[in-house]
Every structure is written in C-alpha cells, then in structure tokens.
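Quick note on full-length UniProt numbering: the sequence shown kicks off at 1 and runs consecutively. One structure is given below, encoded as structure tokens.
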Amino acid sequence: MATKSLKAKGNDLAVSNKQLEILNGGIFADGELPYFKDQIAKIGHFPLRPKKLEILQINVGYMCNQVCEHCHVDAGPDRKEIMTRETMQLCLEVIKNTGAHTLDLTGGAPEMNPDFRWFVEEAAKAGIKDFIVRSNLTIIRANKKYHDLPDFFKKHNVHVISSMPHYTRGKTDKQRGDGVFDKSIKALQELNERGYGLPGSDLRLDLVYNPSGAYLPGDQAAMEKDFKKALKEDFGIQFHNLFAITNLPIARFLDYLIASENYEDYMYALVEAYNPSAVANVMCTNTISISWDGWLYDCDFNQMLDLKVASKVKHIKDYNEDILNDRNIIISQHCYGCTAGAGSSCQGTVA
1 MATKSLKAKG NDLAVSNKQL EILNGGIFAD GELPYFKDQI AKIGHFPLRP
51 KKLEILQINV GYMCNQVCEH CHVDAGPDRK EIMTRETMQL CLEVIKNTGA
101 HTLDLTGGAP EMNPDFRWFV EEAAKAGIKD FIVRSNLTII RANKKYHDLP
151 DFFKKHNVHV ISSMPHYTRG KTDKQRGDGV FDKSIKALQE LNERGYGLPG
201 SDLRLDLVYN PSGAYLPGDQ AAMEKDFKKA LKEDFGIQFH NLFAITNLPI
251 ARFLDYLIAS ENYEDYMYAL VEAYNPSAVA NVMCTNTISI SWDGWLYDCD
301 FNQMLDLKVA SKVKHIKDYN EDILNDRNII ISQHCYGCTA GAGSSCQGTV
351 A
C-alpha cells in the first residue's frame with residue numbers, strides 16, 4: 001500500500017501535463033487505438049455538449065485519512081489543499097441560485113475540512129433536493145471528533161455515498177490499507193443504527209465499488225445482489241444501491257498501471273468496451289465540478305488533470321450558469337473509462 005501521495009513523493013505523474021502526455025501519446029499517437037474524440041464524432045457527439053445542469057460537485061479538499069491505491073484525486077494525509085470558508089461562501093451563493101437539484105460534496109475525505117459542518121449546515125438551508133456527502137467510512141472511526149458524524153448526517157438528511165471496494169476483508173484492505181474493512185463495517189453498522197440504508201428509509205445509504213486491479217467492473221445489478229447478500233448475512237448490514245465505477249487511468253491508478261505494466265492492456269480493454277449509447281449520459285453533460293480553490297471543471301476527473309472548463313467563466317467568483325451551459329466539454333482518452341460497458345459516472349452506470 002502507498003503511504004504518501006504522488007505529490008509528496010515527487011512522482012512525475014503528480015503533474016497533470018505528464019499524465020496528459022501519456023494519455024495523448026503512445027498507442028493513441030501511433031494510431032493503434034482511436035482517439036476518444038474520433039469515436040464520438042462517428043455518432044455525432046463531437047464536440048460533446050452539456051445538457052441541463054443537475055449536479056454541482058464540490059471538492060472541499062484533497063486531505064484524506066487514507067492513501068488508496070486507485071485514488072484519482074491522489075488524496076492523502078499529506079495533501080493540505082483545503083477549501084476556505086471564503087470560497088465556500090461563493091459556492092453557497094451559487095447553490096442558492098442554481099437550477100441544479102443535487103449537491104455532491106467530495107474530497108479527499110470531505111469531513112476533514114475544518115469548515116465542513118458549517119458548510120453542510122448552510123448548504124442544507126438552500127433547498128437542494130439531494131444532498132450527497134461522499135464518505136470513505138473509515139473517517140467516522142478515525143478520531144473521536146468524527147464519531148458523531150452518523151448523527152450529524154441524519155440531522156441534515158444527508159445522502160451518504162460510501163466507498164466499499166468489496167464485501168471481503170482481503171480485497172478491501174488490498175486496495176485501501178490494513179484495517180480499512182473492519183472500520184468500514186463498523187461505520188456501516190452505525191449508519192444502519194441511525195436508520196440509514198434500511199428498506200423504506202429516507203436516509204439514503206449507497207455504496208461505491210471500484211475494481212481492485214487492472215480490469216473493468218462486472219454487471220452492477222449482479223454485484224449489488226452479491227454485496228447485499230454477503231453484508232446482510234455476515235454483518236447484518238443493509239444499504240440501498242451499489243454503484244459500480246470504472247477506474248480511470250489517471251493519477252495513482254495510472255501510476256499503478258504503468259508500474260505493473262498493465263497500461264496498454266487496460267487502455268485496449270477500455271477502448272474495446274466502448275459503448276456509444278453511454279456517451280449521451282456521461283456525468284460531464286449534467287455536472288459542474290468545483291475545485292477546493294474555486295476553479296470550474298466539466299467533471300471530477302478533468303479537475304485532477306487540471307482541464308478547466310472551455311468557457312470565459314472559469315472560476316466560482318464569476319459563475320454564470322447560462323454562459324457555462326453554452327460550452328464544449330473538454331475530453332481526452334481517460335473519457336473511455338466513462339463510456340466502457342454500461343458506462344460509468346459518480347452515480348454508477350449510465351447506459
């Protein structure tokens with residue numbers, strides 16, 4: 001398991017330009033595999049354009065209590081990038097006036113931002129229909145100051161979406177570190193005790209599955225059945241939905257692919273699994289991603305590659321939804337990950 005972020009280790013891939021150089025070169029530059037833009041041009045989707053904005057996804061900081069092997073954010077305890085209250089205030093003004101119905105808070109571990117609770121309390125007053133916090137679960141058990149998070153989430157009717165690589169200890173700890181599985185199970189049980197994830201409950205609890213190796217996720221519905229059966233039988237845990245998300249070849253997962261000599265095979269697998277019917281519903285078409293320092297991106301993945309929106313409005317301080325909706329979405333070869341098989345987004349499959 002990694003113990004430091006790529007940035008802390010001085011790894012070349014901590015620089016977004018180096019990642020883009022790899023994604024745009026090699027087997028794509030040589031013509032072995034088609035560029036993503038050429039694939040979507042065949043079905044009349046180039047340039048890719050946004051639809052009605054539905055989701056504001058805000059990354060409140062890259063700090064995290066874990067250093068997961070697949071992390072596309074390259075998050076970790078050594079990452080100090082944190083959204084300030086001043087930037088949160090700008091976000092709140094947008095939240096009050098947006099046509100989007102979903103607010104999606106992410107990180108790192110978003111709960112580690114010192115103003116996280118204040119932001120949730122203020123944003124909860126803005127009338128968002130679906131208020132998501134993406135929790136790694138272990139943060140709930142990481143420190144006494146986080147132990148009451150299940151109660152805090154319940155108070156504000158937060159929709160909790162939690163990372164859970166597998167329903168077995170071995171596969172989970174391999175991807176996320178020793179002890180992560182047991183802490184995750186404890187956190188899920190505590191959420192269940194508050195009513196989260198139970199049949200008929202309005203307290204939504206969903207899990208996210210990412211493959212632990214250089215392969216694509218299986219059928220989401222079938223995996224959900226397996227997860228529900230295993231977690232209920234072994235630990236008495238219940239949840240609502242499982243989202244299967246393809247690992248995109250950026251940041252730490254890209255580093256893993258290269259180090260394990262799986263990069264080319266993985267890109268071949270993504271391209272071969274390309275599904276044209278998934279293109280119309282990829283998350284960048286209904287989402288704006290906001291970084292910890294207020295810059296705007298088409299999606300969370302573009303944020304990590306520092307591919308800011310192709311609009312004269314590039315920062316939250318200048319936010320204008322009408323202008324943003326009239327833009328072309330920036331794409332590269334990592335986008336194959338969102339259109340492979342049944343497609344992949346932060347809300348699971350799209351096709």
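Note that CB positions come from ideal geometry on N, CA and C, so glycine has one too.
DSSP bridge partner residues for residue i (one or two, in chain order)
| i | result |
| --- | --- |
| M63 | G76 |
| L188 | Answer by DSSP bridge pairing: none, since L188 is not bridged. |
| K308 | Y297 |
| L159 | Sequence check: residue 159 is His here, not Leu. According to DSSP, H159 bridges with I132. |
| A340 | Y274 |
| I82 | G61 |
| L105 | I58 and V133 |
C-beta contact flag for residue i and residue j at 8 Å
| i | j | result |
| --- | --- | --- |
| I161 | R141 | no |
| L270 | A342 | no |
| H315 | Q175 | no |
| N97 | S332 | no |
| I82 | A109 | no |
| E122 | L149 | no |
| R169 | F153 | no |
| D210 | N247 | Reading off the sequence, residue 210 comes out as Asn, not Asp. Yes; because the gap between Cβ atoms is below 8 Å, this pair is in contact. |
| I329 | R49 | yes |
| L53 | E321 | yes |
| N286 | I40 | no |
| Y297 | Y336 | no |
| residue 428 | A214 | Lying before the first or after the last residue shown, residue 428 is absent from the chain, which here runs from 1 to 351. |
| C91 | I323 | no |
| N59 | Q303 | yes |
| F235 | V208 | no |
| L305 | L13 | no |
| Q57 | G177 | no |
| R85 | D115 | yes |
| P276 | I43 | yes |
| Y167 | L231 | yes |
| G200 | L191 | no |
Backbone secondary structure at residue i - three-state DSSP
| i | result |
| --- | --- |
| K52 | coil |
| S277 | helix |
| A244 | strand |
| A100 | coil |
| Q347 | coil |
| N113 | coil |
| Y209 | strand |
| I288 | strand |
| H70 | coil |
| N328 | strand |
| H315 | strand |
| F239 | coil |
| P34 | coil |
| H334 | helix |
| residue 352 | Nothing can be reported for residue 352, as the shown portion of the chain is limited to 1 through 351. |
| S201 | coil |
| N24 | helix |
| D219 | coil |
| G170 | helix |
| V180 | helix |
| D234 | helix |
Among the options, nearest to residue i - alpha-carbon criterion
| i | options | result |
| --- | --- | --- |
| D151 | Q189, P217, P165 and Q19 | Q189 |
| S344 | D318, D219 and F253 | D219 |
| K51 | R327, Q19, G195 and R117 | R327 |
| T87 | I329, Y319 and C338 | Y319 |
| I132 | L92, D173 and L205 | L205 |
| C346 | N17, S16, H72 and G26 | H72 |
| C68 | F153, S212 and T287 | S212 |
| R194 | H159, K144, C338 and D38 | H159 |
| Q89 | A126, Y167 and T106 | A126 |
| I62 | H45, I185, T106 and E264 | Residue 62 is actually Tyr in this sequence, not Ile. It is T106 whose Cα lies nearest to the Cα of Y62. |
| N136 | D173, L6 and P217 | D173 |
| L216 | I245, A14, H147 and K80 | I245 |
| Q238 | H101, D12, P77 and L203 | L203 |
| Y35 | F227, Y268, G197 and L307 | Y268 |
| H156 | K37, R117, N143 and I185 | R117 |
| S5 | P77, N325, S163 and S201 | P77 |
| H334 | T349, V309, A75 and C299 | C299 |
Exercise. Evaluate contact between the stretch 81-97 and the stretch 273-281, counting only Cβ atoms and requiring at least three cross-stretch pairs below 8 Å.
Key: no
Quiz item: Pairing CB atoms from the stretch 256-269 with CB atoms from the stretch 219-239, are three or more of them under 8 Å?
Solution: no
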